[in-house]
Structures are given as structure tokens and as C-alpha cells.
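The block underneath contains the structure these notes are about, expressed in C-alpha cells.
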Amino acid sequence: MIDPREDQAAGLRRLFRRAPPTVVALYATGRHGAHNALRAAHAIAGRGERVILLDEAPSEASLAARLALRQGPDLLSVVDGRATPGELLQPMPGLLGRIATSAAALALPLLDEQRREVLLGALQQIQRHTGFMLIHADAQAADDPSPFVYAAPRRLVVAEASASGATEAYRLIKQLAAAGAGSLHVAVARARSRSDAAAFFASLEGLVRRHVGVALAWLGEVERDDLATGLAHPVAQSSPREAEHAFLHRLASLGPGAAPPRTLRR
8 MIDPREDQAA GLRRLFRRAP PTVVALYATG RHGAHNALRA AHAIAGRGER VILLDEAPSE
68 ASLAARLALR QGPDLLSVVD GRATPGELLQ PMPGLLGRIA TSAAALALPL LDEQRREVLL
128 GALQQIQRHT GFMLIHADAQ AADDPSPFVY AAPRRLVVAE ASASGATEAY RLIKQLAAAG
188 AGSLHVAVAR ARSRSDAAAF FASLEGLVRR HVGVALAWLG EVERDDLATG LAHPVAQSSP
248 REAEHAFLHR LASLGPGAAP PRTLRR
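Just so we're aligned: the sequence shown equals residues 8 to 273 in the numbering used here.
Spelled out as C-alpha cells, the structure:
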């Protein structure tokens, strides 16, 4: 059965793969989730990359709400001419800025072809000025990805080295697996030391390997390692068994009477 979102996200996927920027769906866990997402963005920008955050997390889960920023116009406002791509960008220290996209993410499947092309054209203009486009996604809706997340070539989980961070990261990874993700990049934030970060990832990776079967590619620590270089490579280059994990997981999900799973593109 063809997933209807395949058509909805087709234009986005072609755009994300053709344009120069690296496009990553970003999920962050832990009590300081919004700050961890921002730390990851700054870590990538600190390597000389020009970073834009597409903030599609809704209402209180958005970066604006968590960091006491103004909301700013949503990307959807370009469709009826209420704003230009240049007017959408909310400056943020150390980054090119943030653009609210929660309304655009909800509306994209409902837009006619002409309005969809206007929206994609605005994204194309935005991409010309950036090296990395990070889609700040809603962790609570990871099992039902938006067209932006669905089309993103890569997904990054920033896991806080804490009890809540571990619990949320495992739940998030299970949700992403349920949506068909076969592989994920993982970076650890707020670890007390490099050895603690490595131990945290090893524990998470072991749990995921035993109970979920999704391949995790270790990027290192948000505060100390080069996330940008790691994200520039497909997960499969870091995890050779990624395809096997994805294949077996999707077969296992097709139990008696089960519908074919929705898939996220690698």
C-alpha cells in the first residue's frame, strides 16, 4: 500500500536532496530538551556552518515557548503573501536564525499544487543561505512524522545524560522505529565526562539493539565533538548493519492482520 504522505513529501524530499544544505530532523530529550537542541545547533554552527532552525514543534513544545522568544511569522504565511522568506527569519545569537513552521507542517498535505510550489520555493530561497537546516521536531509526535520530518534525509536524537533523558530517548527511538526509521544518529548532551557519555550511549544502544532493532550511529558529545562532520555522512557508513536492522524490524512489525508500516526515508 502506498503511503499517502509519500506524495505529500515528494517535493520536499527532492528539494532537500538537491539543495546544498544538510537537512536533519532534530529531536532532543531530557529536562533541558529545548536547551539541548539549541546546544546541538550551536555545536554545528561552531564548526563554520551556517545553521537555520525550522521549529515545527507546536505551542509549548516550540523553541520560542521554551526559550521565551517571540513566535514570529510561520512559514505558511508566504503562501498568501503575508510575509516574504526574508521576513520569516528570527535572528538568534550564533545561528542564522529560527523560522516557525508548525502551521506549514500541518497545512502542507492540504495545499493545492500552486500553493505547495510557493511554499517549496520559499524553502529553496532559505536554503541558499545555509549549510545546515535543522528541523526541530515534536518528540511527542515522533510516531506520526510531519512532511518535513518525513522528507528529511537524516534524523538526530540528542539524548540528555540523565534518567529522564535516557527514558525519553528510548521511548522516542521506539516511536521513530514504529514509523519505519531504520537508522538514527545519536549525540549525548550534559554528560559529566567523555567516559560517562560513552557509557550512556552504550547502555542506550544495547537496550535499543535488544528490544527495538534500529541502528544507532554514535556522533559523540554535543559539547566536545564535531557533529557537523558526522551528520554529513549517512548512518549506514557508521553502522554497516543498518539495512539488515531495518529489514528485520519491518518484517517483524508485519504481524497477523497488521497493515504495512508507514515508512520514513533514510
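Built from N, CA and C at the ideal position, the CB exists for glycine as well.
CA-to-CA, the gap between Leu83 and Pro98 works out to about 18 Å. Nearest C-alpha to Ala71 among Gln134, Val85, Ala41: Ala41.
The C-alpha of Ala110 is placed about 14 Å away from the C-alpha of Arg89. For Arg38, there is no enclosing beta strand (DSSP E), as DSSP marks it with neither H nor E. Residue environment analysis places Pro28 among the buried positions, since at least 16 neighbouring C-beta atoms fall within 10 angstroms of its C-beta. Straight through space, the alpha carbons of Asp203 and Ala50 are spaced by roughly 19 Å.
Note on Glu67: under 16 other CB atoms within 10 angstroms of its CB, so exposed under the neighbour-count rule. In terms of Cα proximity to Arg216, the closest of Ala184, Arg199, Val229 is Ala184.
Residue pairing from DSSP places Asp62 in a beta bridge opposite Ala107, His143. Residue pairing for Gly213: DSSP places it in no beta bridge.
The secondary-structure analysis by DSSP pairs Val86 with nothing; it has no beta-bridge partner. Per DSSP, Arg73 lies in no beta strand (DSSP E) segment; the continuous alpha helix (DSSP H) that holds it begins and ends at 70 to 73. Rounded to whole angstroms, the gap between the alpha carbons of Val125 and Val85 is 7 Å.
When only Cα atoms are considered, Gln134 and Ala170 end up about 37 Å apart.
Counting only the Cα atoms, Trp225 lies some 12 Å from His240. In the assembly as shown, His143 is a buried residue. Its beta-carbon has 16 or more other beta-carbons within 10 Å. Look at Gly227 here: in three-state DSSP terms it is strand.
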